[in-house]
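Mapping of the sequence shown onto this note's numbering: position 191 corresponds to residue 210, and the numbering continues sequentially without gaps. Ideal placement from N, C-alpha and C gives every residue a C-beta, glycine not left out.
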Amino acid sequence: MTTLWLTRVMPDLRNRQARADLASAVNLHHRVMKLYPDGIGDQARKQLGVLFRSEDGPRGPQLLIQSRVRPDLGKLPTNYGTAETKPLTPLLEALRPGLFVRYRIAANAIRKPGKTTRALYHLNSVIPLTGAAAEEWWIRQAENAGLKIHSVHSTPLDTARGTSTRGRQPDARTRQTVVHARTRFEGTALIQDADLLRQRLADGIGKGKAYGCGLLTLAPTQHLS
Numbered sequence: 020m021t022t023l024w025l026t027r028v029m030p031d032l033r034n035r036q037a038r039a040d041l042a043s044a045v046n047l048h049h050r051v052m053k054l055y056p057d058g059i060g061d062q063a064r065k066q067l068g069v070l071f072r073s074e075d076g077p078r079g080p081q082l083l084i085q086s087r088v089r090p091d092l093g094k095l096p097t098n099y100g101t102a103e104t105k106p107l108t109p110l111l112e113a114l115r116p117g118l119f120v121r122y123r124i125a126a127n128a129i130r131k132p133g134k135t136t137r138a139l140y141h142l143n144s145v146i147p148l149t150g151a152a153a154e155e156w157w158i159r160q161a162e163n164a165g166l167k168i169h170s171v172h173s174t175p176l177d178t179a180r181g182t183s184t185r186g187r188q189p190d191a192r193t194r195q196t197v198v199h200a201r202t203r204f205e206g207t208a209l210i211q212d213a214d215l216l217r218q219r220l221a222d223g224i225g226k227g228k229a230y231g232c233g234l235l236t237l238a239p240t241q242h243l244s
């Protein structure tokens, strides 16, 4: 079974770097990736299994990070905030068909119309989904991850935004605007395929995984409500 680590960072809003990171999905991506070894390659996030989600908690903003490699929290800037890491092995081992769970995910719920449909209706290549359409998208994704959704509550979130710089040489770099619509889905579900669910937990769900989308978190529960 793949070992996964869950890290919770509580940024201190008095810290300038923490505030700058929370204001940009691209900044958060770079901050998170600095916690892991260099030299992994062009698909370092995917190979390390790094997923993250920023959200408001009872004590203020928090950053949840999941990865296949334990992060080095000593690489956080001085006075950045508090952080702790724990293995997800007990949770992963407890997953089984028939188990009720509570779930939460911030996901990029989108539809990509075909070329003919786009031309006919003058649509963009990517259409963010909202309301019932977004919930239907999530239910399909959950079923493909081994979950049978019992209840779902969706909340539109701020769009993940930032400016990414690509290219190795300063004179050859291009600036690209990152925009990923985000919706939080939470509720209860029944596990149908535990092995498939463990795989999808590790891989993440949907698009925008490098910028704060796709991290699914679970907690066993006694009843569906």
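Cβ-Cβ distances below 7 Å link T149 to P175 in the same chain, with the five nearest sequence neighbours on each side left out; the list follows chain order.
With respect to the 8 Å criterion, G206 and S170 are classified as neighbours on the basis of their beta carbons. Nearest to Q241 by alpha-carbon distance, out of N98, G117, A128, L54, is G117. In this structure, K228 sits near L70, with a CB-CB distance shorter than 8 Å.
A Cβ-Cβ separation of about 7 Å places W24 in contact with P90 under the 8 Å criterion. Minimum Cα-Cα distance from R203 among the listed residues A153, D214, L215 corresponds to A153. DSSP places T108 in the helix class (H, G or I) of the three-state scheme.
Counting along the chain, V28 sits inside the beta strand (DSSP E) bounded by residues 24-30.
Of the other Cβ atoms in all chains shown, fewer than 16 fall within 10 Å of the Cβ of L32; this residue is therefore exposed.
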